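A quick write-up on the structure given underneath.
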Amino acid sequence: MKVAYIFSTQGHTVSYKLGQMILPQLEQGRHGAEVVAMFFFEDNCYVLQMGNPLGERLAQVARQQNILLMCCDHCCYERGIADKLIADVPIGCFPDLYKALAGNMPDQVITL
Amino acid sequence: MADDKHGTTHLDGSLTIYGYFRRAYRRSAWGEALPDAGPIVFGPDLNCALFSLEFDGACIVNAAYRCTTCVTLVAFCEHLSELVIGLPVEHVLRLEAEHLLHFHQEVPFERRDRALLAMNALKIAVQHFVQRSRP
């Protein structure tokens, strides 16, 4: 099963669900589903700033497992980080996400 | 007035992409048709823009636009509509997308094509006006 995650909720979404569950499982090859994309909204975008340890780990796994990472453009401009993201992590909006996923569609989209 | 908590200004006080977007969003009357607008110009990803310009004979005295709701494109159009006020037609036709990007280093590579779309829409509106003005 292919899944895409949308990180929308504020709070511990990234540090807890992504950092302590999803990412370690992906690194260990035991997540149980093929992750094709992760899209980040609002403060969740900060995790993909250059130098963020969690984000750097995630980007490495994404490169190895062909996972699309994308941050909301509006959210990144507002936070002044649009040009400070980890290399190869684009900013975008829904049209960009759908276009990027068109060749590798998820079976489920999970909003966290 | 600077509103830094929302990332609306650069360190020198000039508006960021987000600053121009917020200004456009607050002021916009998107449903109203523009008088004597230039042609719609299409860019990649189904984005498009058009400008409506007023001249005093030599210079642009008012500029308005409509475009799709990409935050970067809206901001570039908003900035251009401010930048061209008081400029002569010949000067506007010499502007390049790089001039706009120079003000907005915060725009990452994958969004820089919006500057070209906004600039093309502006220049085509100018050419549209020049052609209509010929006797």
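Listed in order, the protein sequences are those of chains Z and S.
Per this note's numbering, the very first residue in the first sequence carries number 127; after that it's consecutive.
Per this note's numbering, the very first residue in the second sequence carries number 715; after that it's consecutive.
Idealized CB from N, CA, C, for every residue including glycine.
Source: prediction; values computed, not measured.
Subject >> Check whether Z/E182 and Z/I212 have beta carbons under 9 angstroms apart >> reply: Yes.
Subject >> First through last residue of the beta strand (DSSP E) which encompasses Z/S134 >> reply: Counting along the chain, Z/S134 falls outside any beta strand (DSSP E), and DSSP gives it neither H nor E.
Subject >> Alpha carbon of Z/N170 to alpha carbon of Z/G177, nearest angstrom >> reply: Those two C-alpha atoms are separated by around 15 angstroms.
**OP:** Helix, strand or coil for S/D717, going by three-state DSSP, please let me know.
**Re:** Only weak support is given to the placement of S/D717: the predicted model assigns it a pLDDT of 48, under 50, and the value that follows is read from those uncertain coordinates. S/D717 sits in coil when the DSSP states are folded into three classes, being neither helix nor strand.
Original post:
Should S/M760 go down as buried or exposed, given a rule of 16 or more other Cβ atoms within 10 Å for buried?
Top reply: Here residue 760 of chain S turns out to be Leu, not Met, going by the sequence shown. Its Cβ having fewer than 16 others within 10 Å, S/L760 is exposed.
Original post:
Exposed or buried, which one is S/V844 when buried takes at least 16 other CB atoms within 10 Å?
Top reply: Classification for S/V844: exposed.
Original post:
Which class does Z/C202 belong to by DSSP, given the choice of helix, strand or coil?
Top reply: In this structure, Z/C202 counts as helix in the three-state DSSP scheme.
Original post:
Mapping DSSP to helix, strand and coil, what is S/E820?
Top reply: DSSP places S/E820 in coil when its eight states are reduced to three.
**OP:** Can you grab the Cα-Cα spacing for the pair S/H816 / Z/L174, in whole Å?
**Re:** Taken atom to atom, the span from the alpha-carbon of S/H816 to that of Z/L174 is near 25 angstroms.
**OP:** Within the same chain, show all residues whose beta-carbon is closer than 6 angstroms to that of S/I754, passing over the 5 residues directly before and after it, in chain order.
**Re:** The answer, listed in chain order, is C762 and L764.
Subject >> Other residues of its chain near Z/M164: CB distance less than 6 angstroms, five sequence neighbours each side excluded >> reply: Excluding positions up to five away in sequence, the list reads Y131 and L195.
**OP:** Please work out which residues of its chain come closer than 7 angstroms, Cβ to Cβ, to S/L801, disregarding the five sequence neighbours upstream and downstream, and give them in chain order.
**Re:** Closer than 7 angstroms at the Cβ level, and outside the excluded window around S/L801, lie C773 and I774.
Subject >> Minimum Cβ-Cβ distance from S/D726 to chain Z less than 9 angstroms >> reply: Closer than 9 angstroms: no.
Original post:
Taking the alpha-carbon positions, what's the Z/C201 to S/R846 distance?
Top reply: For Z/C201 and S/R846, the distance between alpha carbons rounds to 42 angstroms.
Original post:
Going along the chain, which residues of its own chain have a beta-carbon closer than 7 angstroms to the beta-carbon of Z/G218, five neighbours each way excluded?
Top reply: M196 and D199, listed in sequence order.
**OP:** Helix, strand or coil for S/E810, going by three-state DSSP, please let me know.
**Re:** Of the three classes helix, strand and coil, the one that applies to S/E810 here is coil, per DSSP.
Original post:
What whole-angstrom Cβ distance do Z/L238 and Z/F133 have, given they're in contact under 8 angstroms?
Top reply: In this structure, Z/L238 and Z/F133 form a Cβ contact; the two beta carbons are roughly 5 angstroms apart against a cut-off of 8 angstroms.
Subject >> S/V806 to S/L797 span [Cα, whole Å] >> reply: One Cα belongs to S/V806, the other to S/L797, and the distance between them is close to 9 angstroms.
Original post:
Z/D169 versus chain S: which residues are under 7 angstroms apart at the beta carbon?
Top reply: In chain order: nothing, as chain S lies at least about 13 angstroms away.
Original post:
Taking a cut of 9 angstroms between CB atoms, which residues from the segment 800-829 of chain S lie near chain Z?
Top reply: Hits within the stretch, in order: Q819, E820, V821, P822, F823, E824 and R825.
**OP:** Could you name each continuous alpha helix (DSSP H) segment of 4 residues or more that falls completely within the segment 756-808 of chain S, going from the start of the chain to the end?
**Re:** You should have 785-797 and 803-808.
**OP:** Go ahead and label S/L794 buried or exposed: buried means 16 or more other beta carbons lie within 10 angstroms of its beta carbon, across all protein chains shown.
**Re:** That one is buried.
**OP:** Count the other C-beta atoms from every protein chain shown that fall within 10 angstroms of the C-beta of S/F823, then say buried if there are 16 or more, exposed otherwise.
**Re:** Here S/F823 is exposed. Its C-beta has fewer than 16 other C-beta atoms within 10 Å.
Subject >> S/S728 to S/T722 span [Cα, whole Å] >> reply: Approximately 8 angstroms between the Cα atoms of the pair.
Subject >> Same chain, Cβ closer than 6 angstroms to S/A738, five either side skipped, listed in chain order >> reply: Correct list, in chain order: V788 and E792.
Original post:
Quick one, are the C-beta atoms of Z/Y203 and S/Y779 less than 9 angstroms apart?
Top reply: The Cβ atoms of Z/Y203 and S/Y779 do not sit closer than 9 angstroms to each other.
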